[in-house]
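Counting in our numbering, the final residue of the sequence shown is number 1139, and the numbers go up one at a time with none missing.
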Amino acid sequence: MRRVLTRTTPVYVAGHTGLAGSACLRLLRRRGFSRLITATSAELDLRDRAATKEFLGRHRPEVVVAAAARVGGIAANAAAPAEFLSDNLRIQLSLLDAARELRLPRLLFLGSSCVYPRDCPQPIRESALLSGPLEPTNEAYAIAKIAGLVHVRSVRREDGLPWISAMPTNLYGPGDRFDAERAHVLPALLRKFHEAVRTGADTVEVWGTGRPRREFLHADDLAAACLALLQHYDDDEPVNVGTGEDIAIAGLARLIAETTGFTGEVRFDPSRPDGTPRKLLDVGRVRALGWRPAIGLREGLASTYDWFVRHQEVVV
Ligand SMILES: NC(=O)c1ccc[n+]([C@@H]2O[C@H](COP(=O)([O-])OP(=O)(O)OC[C@H]3O[C@@H](n4cnc5c(N)ncnc54)[C@H](OP(=O)(O)O)[C@@H]3O)[C@@H](O)[C@H]2O)c1
């Protein structure tokens, strides 16, 4: 099967304005890919089946990076589970069905580490998928993403198309969402600490106990992994993409305090939900393909904070 990606291969990055998609687009541009296809959600609402099919038929990409999704942190997922389920199912169905009808040769679907069962053994192997109950706070989102993973695997089996799925851990980086409603933990904390420094506050309150452990991957590292997978991977099983290292939220808060220059007190609020107690991916499979993350957390936080400070007027 393995089609070699060349700089003239037409590649459609669905969700190119998002954290993961924009990193993929940056990398492809840097590597000299000349036939990159994109559309904002205003130009193409991927929930619209007919419009999606017309778009793909017109552009005929040879590679699709499926990085478009309705994504959010705990608060956003808890506030609108029906929308998270419905939008993601609809985006996936119209994109994957249209790509299948057109027999587009290569597709990379982005799943997520948060779709693994809540209490699965750590580090989480790919085989843990569907092995137990989900974390209730993002169950609706997870079910939709799992449907996407099974969809990709089913197309592989039924039609023999070499489509693949990746399971990124928590991502961060330039272009992330920092607003209180939609942000994930890392950008939400960066913003909170930044605000505390700006207003001279002497305490910052952090949701939960500070004890849950999480893994964080810079979006540029994810993009490099996506390209490596498109070049070298062809199997039914999704591939975890992470650093293989985790940090307690309390430790992350300390690093973010240093990054932003906050010197006051950090207070944890245990009345707020912690979510999954630990989430660390087993990254043996992606490492065996020769990929390694290149950006350490401290360095990645510094550059992300720098991006936030330069763009905050437009991201708040
Ligand atoms: N962020 C993470 O920590 C993380 C971790 C693991 C996996 N992932 C996965 O990575 C993928 C991308 O996540 P992300 O963090 O990059 O999300 P994001 O920053 O919120 O970006 C989502 C992208 O999807 C597009 N989109 C949303 N609804 C759309 C629609 N109806 N039609 C067309 N485009 C639409 C958005 O376009 P607009 O901006 O125009 O709305 C945006 O470009 C998702 O599948 C997610 O599950 C993310």
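Note that CB positions come from ideal geometry on N, CA and C, so glycine has one too.
Between residue i and residue j, what straight-line distance do the alpha-carbon atoms span, to the nearest angstrom?
| i | j | result |
| --- | --- | --- |
| Asp871 | Asp920 | 12 angstroms |
| Met824 | Leu930 | Reliability of the predicted coordinates at Met824 is poor, the pLDDT of 49 falling under 50, and the value obtained from them is presented with this limitation in mind. If you take the alpha carbons of Met824 and Leu930, they lie about 13 angstroms apart. |
| Asp1129 | Glu924 | 44 angstroms |
| Val1027 | Ile1072 | 13 angstroms |
| Leu851 | His1134 | 23 angstroms |
| Cys937 | Leu957 | 9 angstroms |
| Val1008 | Thr1086 | 20 angstroms |
| Ile914 | Leu869 | 5 angstroms |
| Gly1123 | Ala1051 | 21 angstroms |
| Asp910 | Ala902 | 14 angstroms |
Which of the three DSSP states, helix, strand or coil, is assigned to residue i?
| i | result |
| --- | --- |
| Leu1053 | helix |
| Gly1031 | strand |
| Met824 | The predicted model places Met824 with a pLDDT of 49, which falls under 50 and marks its position as unreliable; any figure quoted below should be read in that light. Residue state, collapsed to three classes: coil. |
| Asp1043 | helix |
| Phe1085 | coil |
| Ile860 | strand |
| Ser845 | helix |
| Leu994 | strand |
| Tyr835 | strand |
| Val973 | helix |
| Ala892 | coil |
| Ser988 | strand |
| Gly1022 | Checking the sequence shown, residue 1022 turns out to be Thr, not Gly. Correct three-state label for Thr1022: helix. |
| Arg1101 | strand |
Give the C-beta separation of residue i and residue j to the nearest angstrom, bearing in mind that I take them to be a contact with Cβ-Cβ under 8 angstroms.
| i | j | result |
| --- | --- | --- |
| Val834 | Gly844 | Incorrect: roughly 11 angstroms between the Cβ atoms, too far for contact. |
| Phe1001 | Phe1131 | 6 angstroms |
| Gly996 | Leu842 | 6 angstroms |
| Asp1044 | Ile1118 | 5 angstroms |
| Ala988 | Val975 | For the record, residue 988 in the displayed sequence is Ser; it is not Ala. Confirmed, Cβ separation roughly 5 angstroms. |
Which stretch, first to last residue, makes up the beta strand (DSSP E) that contains residue i?
| i | result |
| --- | --- |
| Ala901 | Careful: Ala901 lies outside any beta strand (DSSP E), inside the alpha helix (DSSP H) at 897-902. |
| Phe932 | 929-933 |
Let's see if you can read the secondary structure: which residues bound the alpha helix (DSSP H) around residue i?
| i | result |
| --- | --- |
| Ile1118 | Where Ile1118 is concerned, there is no enclosing alpha helix (DSSP H), given that its DSSP letter is neither H nor E. |
| Val1109 | 1107-1111 |
| Thr875 | 872-882 |
Query raised in the report: Given 8 angstroms as the limit, is there contact between the segment 1018-1034 and the segment 1094-1102, that is, 3 or more CB pairs closer than that?
Result: yes
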